[in-house]
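In the UniProt record's numbering, the protein residues as written are 1 to 398. For every residue, glycine included, the Cβ atom is placed at its ideal position computed from N, Cα and C. It should be emphasised that the depicted structure is a prediction, and the values quoted were computed from it without experimental measurement. Working notes, beginning with the structure itself.
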């Protein structure tokens, strides 16, 4: 059986490509040293202390089918968090629980992207570089992907407003990640207001991927649904968040989607057929996590320590941009693949070439001159790794 043609142009996922890139090399390590893996965005901070107790207390509920849309307690906890964090009043019918945000970011396109827009093939806007599920979702609905550079000259965010109005009239969905993966840029209120107004003018939806929203330097990033609601246009935004980064629970696979009642109704309808409901013990833990901020504050303080480490070690590197949010450094290099091979061979440090997170458009790949570095280890390990990285790639400049 042939692979569906609509997926034929998708490159291999980033991590298999990295394994192939490094396959002929041995890590450059001193005796007794272990490799330093800075590729995967898997938080290593402690998970909330209440997780084992809540899970154990509800363990018998693995014997029950869970509600697909989420228990009233979990939906209430998410609604309460949206109220505390953004001042939003989001009724349960405007919420849906997810197995992490990746599922939602994919399935929302299936549920909400029309087969035609104004009598033409719909287009989906994707920042470039980007989280790769955006492109797979676009291929699945057979929309036209429009990769829009998110580079230093645009503040590492896509300038959707600069696109041709005729193209914007075909747009069904615009993806946005803030804080951005991989660059760590934050969309401020003005940027979001401009984007929401653009979506209203050209009648498209914004899929706001906000799973890094609770990891920030100085000020909590604004939310797209928050801004759209203040503008009287809440139905323009479908927002996604999860406990993976916020609560250091990537293996829980627990997130949510929020939006207008009509959009969530369609997502719920599709998920009733195709989704895997979260087990009840997972939902109980999730409700407890969304209701608690102490563990989030403690984890954020650890990331802010590592922001300071990165600024100190790499601050004098030409082109270095301090992180605004999230936990990825987006470091300038001459060639991302060559830099990744050199770091592995000379220092036993594994990073991800930026080109693996981008697409080439008109001969240009905006990620080629970058590497992504995950700040997921503790501050001491991070400082040691970044110091070695600077020595290998930047001649020790600090």
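Straight-line CA distance for residue 168 to residue 228?
Rounded to whole angstroms, residue 168 to residue 228 spans 19 angstroms at the Cα level.
Nearest-angstrom beta carbon gap, residue 18 and residue 314 [assumed within contact, 8 angstroms]
Residue 314 to residue 18, Cβ: 22 angstroms. No contact.
Pick out whichever of 25, 391, 323, 114 has its Cα sitting closest to the Cα of residue 183.
Checking every option, the nearest Cα to that of residue 183 belongs to 323.
Length at least 4, wholly inside the region 256-321: the alpha helix (DSSP H) runs in chain order
Correct list: 261-274, 280-290, 294-314.
Quick check on residue 398: does DSSP put it in helix, strand or coil?
Note that residue 398 scores 45 on pLDDT, short of 50, meaning its location in the model is unreliable and no value can be drawn from it.
For the beta strand (DSSP E) that residue 330 lies in, which residues bound it at each end?
Per DSSP, the continuous beta strand (DSSP E) segment holding residue 330 begins and ends at 328-332.
Contacting residues, own chain, Cβ-Cβ under 6 angstroms from residue 237 (five flanking each side not counted):
206, 208, 224, 225, 228, listed in sequence order.
How big is the Cα-Cα spacing for residue 363 and residue 259?
So the alpha carbons of these two residues sit roughly 37 angstroms apart.
On the criterion of 16 or more Cβ atoms from any shown chain inside 10 Å, does residue 53 qualify as buried, or is it exposed?
Per the 10 Å Cβ criterion, exposed.
Looking only at its chain, what residues have a beta carbon closer than 7 angstroms to the beta carbon of residue 45, apart from the 5 residues adjacent to it on each side?
Here the set comprises 248, 299, 302.
Please state if the CB of residue 9 and the CB of residue 272 are separated by a distance shorter than 8 angstroms.
No.
Through-space distance from residue 341 to residue 388, alpha-carbon basis:
Taking C-alpha positions only, residue 388 is separated from residue 341 by approximately 14 angstroms.
Taking the C-alpha atoms as reference points, what is the distance between residue 398 and residue 306?
The pLDDT assigned to residue 398 is 45, lower than 50, so where the model puts this residue is not dependable, and the model offers no usable value.
Anyone know if the C-beta pair for residue 76 and residue 244 falls short of 8 angstroms?
With respect to the 8 angstroms criterion, residue 76 and residue 244 are not classified as neighbours on the basis of their beta carbons.
Would you identify the three-state DSSP class for residue 64, choosing helix, strand or coil?
Residue state, collapsed to three classes: coil.
Given a cut-off of 8 angstroms, decide if residue 62 and residue 277 are closer than it, judged by their beta-carbon atoms.
No. Outside cutoff.
Can you name the residues that DSSP bridges to residue 239?
208, 258.
Out of curiosity, what's the CA-to-CA distance linking residue 297 and residue 116?
Approximately 45 angstroms between the Cα atoms of the pair.
Check each candidate in 329, 359, 347 and name the one with the smallest Cα separation from residue 41.
Closest by alpha carbon: 329.
Given a cut-off of 8 angstroms, decide if residue 122 and residue 85 are closer than it, judged by their beta-carbon atoms.
Contact: no.
Identify the residues that DSSP records as bridge partners of residue 124: which are they?
As computed with DSSP, residue 124 is found in a beta bridge with 145, 173.
Selection from 159, 83, 98, 181 that minimises the alpha carbon distance to residue 174:
Residue 159 is the option with its Cα nearest to residue 174.
Return the Cβ separation of residue 185 and residue 179 in integer angstroms, given the expectation that the two are a contact with Cβ distance under 8 angstroms.
With a Cβ gap of about 7 angstroms, residue 185 and residue 179 count as contacting.
Per the DSSP calculation, residue 325 is bridged to which residue(s)?
Note: residue 325 sits in a beta bridge opposite 216.
Which value, in whole angstroms, describes the spacing of the CA atoms of residue 254 and residue 97?
Cα to Cα, residue 254 sits roughly 7 angstroms from residue 97.
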